[in-house]
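Reading the sequence shown from the start, the letters are residues 155 to 340 in the numbering used here. We put the beta carbon where it would ideally sit given N, CA and C, even for glycine. Each remark here refers to the structure printed beneath this line.
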Amino acid sequence: MKIFDILLKILTKTGFVCRYFWHLARMGGRLKMEWFVFLEPRVLFKISPGSTVSIKKDSYIKSGAVFEATNNGRIILEEKTSIGHYACIGASRLVYLGKNTIIGQSCTLVDSAHIHDSSISLDKSGYTYGQLILEDNVTVYPKATLGSNIRIAKGTVIGAHSFVNKNIEEKNGLYVGIPAHRVKDI
Numbered sequence: 155m156k157i158f159d160i161l162l163k164i165l166t167k168t169g170f171v172c173r174y175f176w177h178l179a180r181m182g183g184r185l186k187m188e189w190f191v192f193l194e195p196r197v198l199f200k201i202s203p204g205s206t207v208s209i210k211k212d213s214y215i216k217s218g219a220v221f222e223a224t225n226n227g228r229i230i231l232e233e234k235t236s237i238g239h240y241a242c243i244g245a246s247r248l249v250y251l252g253k254n255t256i257i258g259q260s261c262t263l264v265d266s267a268h269i270h271d272s273s274i275s276l277d278k279s280g281y282t283y284g285q286l287i288l289e290d291n292v293t294v295y296p297k298a299t300l301g302s303n304i305r306i307a308k309g310t311v312i313g314a315h316s317f318v319n320k321n322i323e324e325k326n327g328l329y330v331g332i333p334a335h336r337v338k339d340i
């Protein structure tokens, strides 16, 4: 048995899904992880050439989470970030999650959007790109969706099933609904 096969067996049994590292190396993307990052099984990283996913220490990624960085996109998770089961994070430019951020299960965070123009066929209409920035201590409850060109202020809580399509500039507030609006101070 080759050393690579032994290492693969050890890492797979400890919850590290190694086959994605082969995929990353083949595709040319970069995954940077600091110490004490915990990945549950079945976390998927799709990182295209020139793109980066960076996860800082004491972060926790639950099973089924998907990270997709394309077109030189960057996904940055600061210290003590928690990503819930089946959350999807997609970056074509920048998705930044500040310290102590919690993303609930089945949330969607993207920094791009499909352009909708009824005069053009869907396959030719293209995309808009921006940034999605969540400052420190933001909590996003399950199944919420955060779109592109958005900045979420420090200490914000986004309610379950909410849709955020514009900046949240006031700190320490609870936002719910479609589109999300402030309902109270926290």
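| Query | Result |
| --- | --- |
| Stretch pair the segment 269-281 + the segment 308-328: three plus CB contacts closer than 8 Å | no |
| N-terminal and C-terminal residue of the beta strand (DSSP E) that F339 is part of | Strictly speaking, residue 339 in this sequence is Asp, with Phe absent from that position. H335 to D339 is the extent of the beta strand (DSSP E) around D339. |
| Which listed residue (S217, S208, L231 and L288) has its alpha carbon closest to that of I304 | L288 |
| Buried versus exposed call for K210 [16 or more other C-beta atoms within 10 Å across all chains shown] | buried |
| Local conformation of K216 per DSSP, three classes | coil |
| Assumed close pair S213, E194 - CB separation to whole angstroms, cut-off 8 Å | At roughly 12 Å, the Cβ-Cβ gap does not stay under 8 Å, so S213 and E194 are not in contact. |
| Cβ-based burial, S246 [other Cβ within 10 Å; buried from 16] | buried |
| Counted within 10 angstroms of its Cβ, other Cβ atoms place D265 as buried (16 or more) or exposed | buried |
| Pick from T282, I215, I269 and K297 that is closest to L263, judged by C-alpha positions | K297 |
| Residue(s) in a DSSP beta bridge with C261 | Answer is none; C261 lacks a bridge partner. |
| Closest Cα partner of G327 within the set F192, R336 and D290 | R336 |
| Coil, strand or helix - L178 by DSSP | Annotation note: pLDDT 42 at L178 (below 50); position unreliable, no value reported. |
| Range covered by the beta strand (DSSP E) that runs through R305 | I304 to I306 |
| Identified DSSP bridge partners for F221 | F199 and I243 |
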